[in-house]
Every structure is written in C-alpha cells, then in structure tokens.
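Enquirer: The structure is given below, and queries will be raised subsequently.
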Amino acid sequence: MDVILFLLFAAIAVACGVNLVVQKHPIASALSLVGVMGSLAVLYLLLGAEFIAAAQVIVYAGAIMVLFLFVIMLLNAGGEPKTPGKSRMAGLLGIPLMAVLLGLLSYLVQRALPKPAGVTFGAFTGGKPYDVGKAIFTEYMLPFEITSVLILIAILGAIVLARKEID
Amino acid sequence: MTMTSVPLSWYLILSAVLFTLGVAGFLFRRNIITVFMSIELMLNAVNLSFVAFSYQWRQVDGHVYTFFVMVVAAAEAAVGLAIILTVFKNRATLQIDDVDSMKN
Chain A
1 MDVILFLLFA
11 AIAVACGVNL
21 VVQKHPIASA
31 LSLVGVMGSL
41 AVLYLLLGAE
51 FIAAAQVIVY
61 AGAIMVLFLF
71 VIMLLNAGGE
81 PKTPGKSRMA
91 GLLGIPLMAV
101 LLGLLSYLVQ
111 RALPKPAGVT
121 FGAFTGGKPY
131 DVGKAIFTEY
141 MLPFEITSVL
151 ILIAILGAIV
161 LARKEID
Chain B
1001 MTMTSVPLSW
1011 YLILSAVLFT
1021 LGVAGFLFRR
1031 NIITVFMSIE
1041 LMLNAVNLSF
1051 VAFSYQWRQV
1061 DGHVYTFFVM
1071 VVAAAEAAVG
1081 LAIILTVFKN
1091 RATLQIDDVD
1101 SMKN
C-alpha cells in the first residue's frame, strides 16, 4: 500500500512538475504547481509529518499560490513568444539523454548508499503539531523570533514596492 | 525490506527530479512569473529531502527546517511578486529578456 501510494503521488508530482516547465501560459503553470504541492503534502503524511503536510496545504497551496494567481490575473500575463531552438539535435537528444542520466544516477545512488530500513507509514510519529511546536519554542526559539522580524520586513518591503505613488 | 515499505532513496530521487525540473524551468523559461514558480518548485523539492531525512533519523529537526523554509518562501513570494508588479508598471513587460538595464 505504501509503495502504491508513493508511486502514484510521485508520478503526479513529476507529471505536474514537467507540465509546469513546458506550459506556455502562467495560469497553467500555477495550477501544475498546486498539483505538485498537493501530492507533496500526501508524501509528507506518508513520512509521518502531519503538521508539515497541513502547513504545506495551507501556506503553500493556499496562501502563496493565491498570491501568484492574483498577480497573474492582475497583470493579465499571457503566453510568451516562442523562441526558436538553437539546434534540432539538442531538441531530439536532450530528453532521452536526460532520462538516461537520471536513471543512471538513481541506480548508482541506490547501489552506493547503505540499505536502511524502508519508509513505512506510521513508523515515525514525532511529526505531530505538539512535537514540532515543542522543538520550535524551545530549541529553535531564536530563529523563530528572527523569522518574525523577517516577515515584518517582507510586509513593509511589499507595501513600499507595490503601493501607488502618493503625491 | 518488505514490499510494504518504500526505500528512503526513492524519496531522495523524487526530490532530485523535482529540483532538476525547477532548475530547468528557471533556466529555460522567459516569463518572469514562471521563473519565480520554478524557484518555489526547487524549495519544495528541498523540503521533501528535509522531511525524508527527518523520518530517517526519527528526529523532528527536519520538520522545523521545513517550517522555516515555508516561512521564508512566503516572505520571498510577497516581496518577489511586489517586485514583479513594479517591473510591469515601469516596463509593461513580463519577459526577462526585455528587462536588461543592468546588462553591459
């Protein structure tokens, strides 16, 4: 069951990722990115990261992608003009050679690494909001506070950059 | 390894593939918004690695790093999209080839 779920959502993630890169229109790319993030959230659940899976859906697929879609629609961003490829050879050979390279690298990584126990759903239960919150508010307190300052700076920067000129 | 468990390396390979796709989109696309989304894809790929290693070591630190990456990505998206808005307001284009004031 774990293998089936992993393969299914990994395939969805890769297909959406490819679609993101090849689509001409930014809206299609944005929707593909939502697909990638959704399937990654399922994979996080399989890895026992419940809080991160929820945050992935809420923060990434919810907030950030809405921001993207909003800007795309605001700017009425159309497709891009087709740039002619430099070489026919590159277009023909590129994708098969990349597949060979990736397959070879995956094989070598599989061979070289020691074989740890596989990932089983439910084997790691330390990813609950309680555990993550405890780590954030004890061990990672200072970085957490610094991020709040970072977000404040980002808000101010976004307002300053995007405001209308007031005379 | 029984057939009911997925090797950890599969997660890492998926992460590498997604990161490569993000790099490809970053390098080959000409629309500034799509380039920006490719960066988000790369961040997501790295997050998957963090969570996978967190599982492997049975520690929650990877989740915390992922959380921070998400926060920084949100801040980055807000500022980056504001910059894109400004670029569009000043130049009326979203093609990165047309934004070349600092070239040469």
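Quick mapping for you: the protein sequence lines, in order, are chains A and B. Heads up, the first sequence is in the numbering used here, so the first residue is 1 and it goes up one at a time. Heads up, the second sequence is in the numbering used here, so the first residue is 1001 and it goes up one at a time. Glycine included, every Cβ here is placed at the ideal spot set by N, Cα and C.
Which residues does DSSP pair with A:N19 in a beta bridge?
Expert: None, per the DSSP bridge assignment.
Enquirer: How about A:P114: is its C-beta nearer than 8 Å to some C-beta of chain B?
Expert: no
Enquirer: Can you list, in chain order, the residues of the region 124-143 of chain A whose Cβ is nearer than 7 Å to any Cβ on chain B?
Expert: F124, G126, G127, D131, V132, A135, I136, Y140, P143
Enquirer: Can you tell me which of the three DSSP states B:V1099 falls into?
Expert: Residue state for B:V1099 is assigned as coil, using DSSP reduced to three classes.
Enquirer: DSSP has A:V119 in a bridge; who is on the other side?
Expert: Answer is B:V1006, bridged to A:V119.
Enquirer: Would you mind stating whether B:F1019 and B:M1042 have Cβ atoms separated by less than 8 Å?
Expert: yes
Enquirer: In the DSSP assignment, the alpha helix (DSSP H) including B:S1049 goes from what residue to what residue?
Expert: 1032-1057
Enquirer: Inspect the CB distances between the region 142-158 of chain A and the region 61-71 of chain A and report whether three or more fall short of 8 Å.
Expert: no
Enquirer: Going by alpha carbons, who is nearest to A:I58 out of A:A15, A:G38, A:V119?
Expert: A:G38
Enquirer: Thinking C-alpha only, which one of B:A1016, B:I1096, B:G1022 is nearest A:V176?
Expert: Nothing can be reported for residue 176 of chain A, as the shown portion of chain A is limited to 1 through 167.
Enquirer: Considering only their Cβ atoms, is the gap separating B:L1085 from A:A162 smaller than 8 Å?
Expert: yes
Enquirer: To the nearest angstrom, how far is the alpha carbon of A:S189 from that of A:V36?
Expert: Nothing can be reported for residue 189 of chain A, as the shown portion of chain A is limited to 1 through 167.
Enquirer: Which residues, in chain order, does the region 3-25 of chain A contribute to contact with chain B at a C-beta distance below 7 Å?
Expert: V3, F6, A10, A13, V14, G17, V18, L20, V21
Enquirer: For a test of the three-state rule: what should DSSP assign to A:S87, helix, strand or coil?
Expert: coil
Enquirer: Once DSSP output is grouped into helix, strand and coil, what is the label at A:F124?
Expert: coil
Enquirer: Going along chain B in order, which residues have a C-beta closer than 7 Å to the C-beta of A:V59?
Expert: M1070, A1074
Enquirer: So A:P168 is in the alpha helix (DSSP H); what residue range does that whole segment cover?
Expert: Given a span of 1 to 167 for chain A in the structure shown, any question on residue 168 of chain A remains unanswerable.
Enquirer: Between the beta-carbon of A:Y60 and the beta-carbon of A:A53, is there less than 8 Å?
Expert: no
Enquirer: Can you find a C-beta in chain A that's less than 8 Å from the C-beta of B:S1049?
Expert: no
Enquirer: Here's a check: name, in chain order, each residue in its chain whose Cβ is nearer than 7 Å to the Cβ of A:L40, leaving out the five neighbours to either side.
Expert: So the list reads A13, Q56, once near-sequence residues are dropped.
Enquirer: Tell me whether A:N76 sits in a helix, a strand or coil according to DSSP, three-state version.
Expert: coil
Enquirer: Using 8 Å as the cut-off, can you tell me whether the region 121-128 of chain A makes contact with the region 1028-1036 of chain B, which would need three or more C-beta pairs spanning the two stretches below that distance?
Expert: no
Enquirer: Which word fits B:I1033, buried or exposed, when buried means at least 16 other C-beta atoms lie within 10 angstroms of its C-beta?
Expert: Buried, by the Cβ-count rule.
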